[in-house]
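All you need for the numbering used here is the position in the sequence shown, starting with 1, plus 5.
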Amino acid sequence: MPPRSAGSAWSDPDINALINYLVSQLPTVADGTGFKPTVWNEAAVVVNALNKGRAGEKTSSSCKSKFARLKETYNVIVKIKSQSGFKWDDENGADIDKSTAEVWAAFEKKHKGSTPFRNKGWIWFNKVQPLMPTTPRGANVYRASQAVQPESQETLPEPVEVNSQDSERPFSNWVCFLCLNCFSLIYVPFTVSLASSRRLPTLF
Numbered sequence: 006m007p008p009r010s011a012g013s014a015w016s017d018p019d020i021n022a023l024i025n026y027l028v029s030q031l032p033t034v035a036d037g038t039g040f041k042p043t044v045w046n047e048a049a050v051v052v053n054a055l056n057k058g059r060a061g062e063k064t065s066s067s068c069k070s071k072f073a074r075l076k077e078t079y080n081v082i083v084k085i086k087s088q089s090g091f092k093w094d095d096e097n098g099a100d101i102d103k104s105t106a107e108v109w110a111a112f113e114k115k116h117k118g119s120t121p122f123r124n125k126g127w128i129w130f131n132k133v134q135p136l137m138p139t140t141p142r143g144a145n146v147y148r149a150s151q152a153v154q155p156e157s158q159e160t161l162p163e164p165v166e167v168n169s170q171d172s173e174r175p176f177s178n179w180v181c182f183l184c185l186n187c188f189s190l191i192y193v194p195f196t197v198s199l200a201s202s203r204r205l206p207t208l209f
């Protein structure tokens with residue numbers, strides 16, 4: 006592997022300056038888009054200001070590539086944090102011991118880039134977090150208009166007041182029954198003459 010040039014090496018102050026500048030530019034980013042090319046140009050200027058006189062200045066392309074690697078590492082850490090049985094801290098990483106070594110070995114095979122964090126933390130997680138998207142994008146994005154709406158509850162008619170003159174007229178209303186098979190309410194229409202019966206008909 007050829008040795009890295011001075012410009013490709015990123016010190017902690019370099020990374021910190023890059024992240025801080027990108028965070029300051031978040032208000033300029035529209036939803037669903039990335040940083041504009043001018044932001045990456047300015048990011049290079051900001052980082053290079055820390056290293057005047059040092060060979061191998063950063064470019065907009067190298068700043069963009071470095072941020073892409075930071076995002077990849079961030080996503081790896083998120084997976085480690087969400088893995089049942091692992092614990093995480095910024096100093097000791099996943100803090101793998103004998104009790105979790107076997108689970109880690111399987112996890113490590115499936116998740117590229119996780120190896121360095123077996124017992125070593127990553128100090129940039131909290132600083133990079135504001136730069137990560139908080140809303141998923143794509144075909145599987147949740148939209149309120151596509152959500153399953155709860156079934157509306159049927160409103161029963163207002164009780165019918167019956168006077169003596171209406172006692173001979175058929176009386177129509179709804180009866181609510183509880184189905185013991187599915188435990189749901191069933192509304193059954195019925196018609197009965199109040200003069201002939203003052204009680205509800207027996208349907209079951």
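The beta-carbon is built from N, C-alpha and C at its ideal position, and this holds for glycine as well.
Predicted model only: the values in this text are computed from it and were never measured.
| Check | Outcome |
| --- | --- |
| Three-state secondary structure assigned by DSSP to Ala-144 | Because Ala-144 carries a pLDDT of 36, less than 50, the predicted location of this residue cannot be relied on, and the following value inherits that uncertainty. Looking at Ala-144 - three-state DSSP - the assignment turns out to be coil, as it is neither helix nor strand. |
| Boundaries of the alpha helix (DSSP H) in which Trp-45 is found, first to last residue | 42-53 |
| Same chain only: Cβ atoms within 8 angstroms of Asn-124, ignoring 5 sequence neighbours per side | Asn-97, Gly-98, Ala-99, Asp-100 and Ile-101 |
| Residue span of the alpha helix (DSSP H) that contains Arg-74, given as start and end | 65-87 |
| Residue burial classification, Val-50 (beta-carbon count within 10 angstroms, cutoff 16) | exposed |
| Reference Lys-41; option with closest CA among Asn-53, Gln-134 and Lys-69 | Lys-69 |
| Cutoff 6 angstroms; reference Asn-145; Cβ partners in own chain excluding five residues on either side | In this predicted model, Asn-145 has a pLDDT of only 37, less than 50, meaning its place in the structure is not dependable; the value taken from the coordinates is given anyway. Around Asn-145: no qualifying Cβ. |
| Test item: CB-CB of Val-44 and Gln-30 under 7 angstroms | yes |
| Backbone CA spacing between Trp-15 and Arg-74 [nearest angstrom] | 12 angstroms |
| Sheet register partners of Asp-17 (DSSP bridge) | In DSSP, Asp-17 forms no bridge with anything. |
| Opening and closing residue of the alpha helix (DSSP H) in which Glu-113 lies | 106-115 |
| Opposing strand residues paired with Gly-39 [DSSP bridges] | Its beta-bridge partners do not exist; DSSP assigns none. |
| Leu-55 versus Ser-87 - alpha carbon distance | 36 angstroms |
| Beta-carbon proximity check, His-116 vs Lys-71, cutoff 7 angstroms | no |
| Residues near Phe-130 by beta carbon distance below 6 angstroms, same chain, minus five either side | Ile-82 |
| CA nearest to the CA of Pro-138, picked from Asp-94, Lys-57 and Lys-76 | Lys-76 |
| Span separating the alpha-carbon of Ala-48 from that of Thr-78 | 20 angstroms |
| Residue nearest to Gly-118 in terms of C-alpha spacing, selected from Asn-80, Pro-135 and Ser-89 | Asn-80 |
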